[in-house]
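In the numbering used here, the protein residues as written are 413 to 640.
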């Protein structure tokens with residue numbers, strides 16, 4: 413039997429990483445797995461993201477909305493859900509940010525205010541939600557269509573430029589051959605005898621070919637002008 417006494421001092425717990433616990437990102441506590449992020453608002457008006465263990469700003473909440481990340485904002489002291497209040501603050505700042513960035517025209521604001529207390533006021537939230545959801549779906553479709561259209565236009569321009577380059581190269585080669593054929597008689601007159609066989613091998617005039625190539629270039633230039 414051992415006489416050794418046990419150490420009464422409490423042992424210090426190992427860090428989470430050393431104990432094999434997953435990080436918040438690995439466990440999905442940052443909202444990446446669809447879980448709701450809890451944000452607390454302190455009396456000093458600072459917002460604290462409990463998932464990332466960091467203070468955030470209103471712009472960070474806008475990013476969460478853009479990423480479709482679920483979250484809830486609570487009063488750190490009372491635990492009250494103040495998400496609507498904070499989102500109203502974001503809307504207020506955005507609506508007053510610049511003259512051309514507002515989403516609520518004056519007439520719309522008047523109509524919206526006039527519906528408070530109206531017998532149909534309870535229908536307004538669902539109506540606005542469905543309308544904006546439909547608008548978001550149509551906006552996504554329009555974005556996909558625009559991306560496809562731009563890609564098609566780029567492909568057309570690329571093909572047109574390639575055709576133009578090939579036609580220009582053909583024209584330059586034809587002009588070079590024509591110049592060379594015009595130079596050959598001068599060379600022959602300087603002392604080189606020509607034979608019937610050599611005369612037969614001389615290239616025929618290429619005026620028709622040049623005119624055809626020039627017509628192709630003119631057509632391609634017209635297409636490029638229309639696309640621009």
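Note that the Cβ used here is the ideal one computed from N, Cα and C, for glycine as well.
Nearest-angstrom Cα distance between residue i and residue j?
i           : j           : result
residue 469 : residue 567 : 43 Å
residue 564 : residue 573 : 14 Å
residue 523 : residue 489 : 36 Å
residue 456 : residue 492 : 16 Å
residue 537 : residue 465 : 34 Å
residue 550 : residue 626 : 46 Å
residue 527 : residue 561 : 42 Å
residue 539 : residue 545 : 10 Å
Got a sec, what are the start and stop residues for the alpha helix (DSSP H) residue i sits in?
i           : result
residue 454 : Taken as a continuous stretch (DSSP letters only), residue 454 belongs to no alpha helix (DSSP H), as it is neither H nor E.
residue 477 : 470-478
residue 486 : No alpha helix (DSSP H) holds residue 486; the beta strand (DSSP E) holding it covers 483-487.
residue 395 : Here the chain has residues from 413 to 640 only, and residue 395 is not among them.
residue 520 : 518-526
Is it buried or exposed for residue i, if we count other Cβ within 10 angstroms and need 16 for buried?
i           : result
residue 453 : buried
residue 461 : buried
residue 497 : exposed
residue 557 : exposed
residue 525 : exposed
residue 494 : buried
residue 513 : exposed
residue 477 : exposed
residue 463 : buried
residue 548 : exposed
residue 579 : buried
Tell me which residue opens and which closes the beta strand (DSSP E) that residue i is part of.
i           : result
residue 460 : 459-461
Assuming the contact rule is C-beta atoms closer than 8 Å, residue i and residue j should be a hit. Round their C-beta distance to whole Å, please.
i           : j           : result
residue 502 : residue 474 : 6 Å
Taking 8 Å as the cut-off, is the CB of residue i close to at least one heavy atom of the ligand SAH?
i           : result
residue 505 : Here there are no bound small molecules, and the ligand SAH is not part of this structure.
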